[in-house]
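Per our numbering: the sequence shown = residues 27 to 303.
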Amino acid sequence: MIADRRALLLGAGAFLAAGRARAQSEGDLDLSGRFVQGGHIIGRTWPRALVFVDGEGLTTASAAGLFIVGLDREAPGSVEIRVQDGRRSAWRTLEIAPGTFPMSRIDGLPPSTVEVPADPVLQARIQHEVALKTEGFASRIDGDGFRDGFVWPVENFRVSSRWGAQRILNGTPARPHYGIDLAVPAGSPIRAPAAGRVVLAQPNLHFEGGLVLIDHGQGLITAYLHQSRLDVRQGQDLMRGDLIGRVGMTGRATGPHLCWRMKWRDRNLDPSLLVRT
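Now the structure itself:
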């Protein structure tokens, strides 16, 4: 692994929990992860216990008692995690550290890569593709493929854009970049970073180009954009290391790279923070 990767992980490492947060009874609720904006919380509790985040029931622990909660870019300074199994309950309030998000300015881009033309045919295509992606991100398979942590989906890469960066494109602020861009040569293999199920595999979307979505359980979904070739199909179960496809520059991309994204339900997460968690 190269220096960019080491610096990225060190920047997040300062926010690792200093030990495991525990509830009232030893073993009732064990929490670890990256307690920082863009990070995540991995918990172990009673099998199939209900999990509440700031009072809202959002997920259920797996048969092994494992669950995950995402912390988006705008996560508040604290979060309460409560689990309930019948009359038993346990809870813990965690402090969430602020993230550090770079700002980047890119000028001289072709207008077609920044603005969407007012073409009714194109607009209809985009709306159709939005529906496909929305259905994919709504997947909630019963599993805990995140339990053994993640590995990088490509090798020998350079981080060309960090997660959460605020981009100014041709002088106009865009929404934060909710992916981490990993620059590698075109045709490089992309492999599953953890076990999961393919819930979307589309080769030629307008924005994302070749796109694959993988559900790792409980609504934790990773996305792989701009692929030149897809080697998986929707509904296929994957193990860590299985081939997903090949790096390309399809869709709205200015060079070959993998844009790697992650969502937990409606929250955007930094996938790099799950590497080796």
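Using N, Cα and C, we set each Cβ at its ideal position, and we do this for glycine too.
Distance between residue j and residue i (C-alpha atoms, nearest Å)
i    : j    : result
W189 : M129 : 11 Å
R287 : V238 : 10 Å
I216 : A191 : 23 Å
Q50  : D241 : Note that Q50 has pLDDT 47, beneath the 50 cutoff, so the model's placement of it is unreliable and the number below is only indicative. Answer to the nearest angstrom: the Cα atoms are 32 Å apart.
A75  : G83  : 11 Å
Q110 : L256 : 41 Å
L208 : Y250 : 11 Å
I270 : A212 : 14 Å
Cβ-based burial, residue i [other Cβ within 10 Å; buried from 16]
i    : result
L36  : Model confidence at L36 stands at a pLDDT of 42, short of 50, so the residue's coordinates are unreliable; what they give is reported in the following sentence. Flag for L36 reads exposed.
V147 : exposed
S88  : buried
N182 : exposed
P179 : buried
S104 : exposed
I194 : exposed
Option nearest residue i by Cα separation, candidates the options
i    : options               : result
G59  : I94, E181, H154, N182 : I94
P297 : T71, V177, I107       : V177
D292 : G96, H203, G91, R255  : G96
D170 : G134, L135, P73       : P73
R108 : G125, V77, A212       : V77
R184 : I68, I67, H283        : H283
R99  : G197, G175, Y204      : Y204
DSSP beta-bridge partners of residue i
i    : result
P199 : I194
S104 : E121
H252 : None; H252 has no bridge partner.
T71  : None, per the DSSP bridge assignment.
A247 : Checking the sequence, you will find Ile at residue 247 rather than Ala. DSSP output for I247 lists D241, K289 as bridge partner(s).
H283 : G274
Residue i, DSSP secondary structure in three states
i    : result
W61  : In the sequence as presented, Trp is not what sits at residue 61; that position holds Phe. Correct three-state label for F61: coil.
A157 : helix
P215 : strand
F78  : strand
I7   : Examination of residue 7 is not possible in this model, given that the chain is present from 27 through 303 alone.
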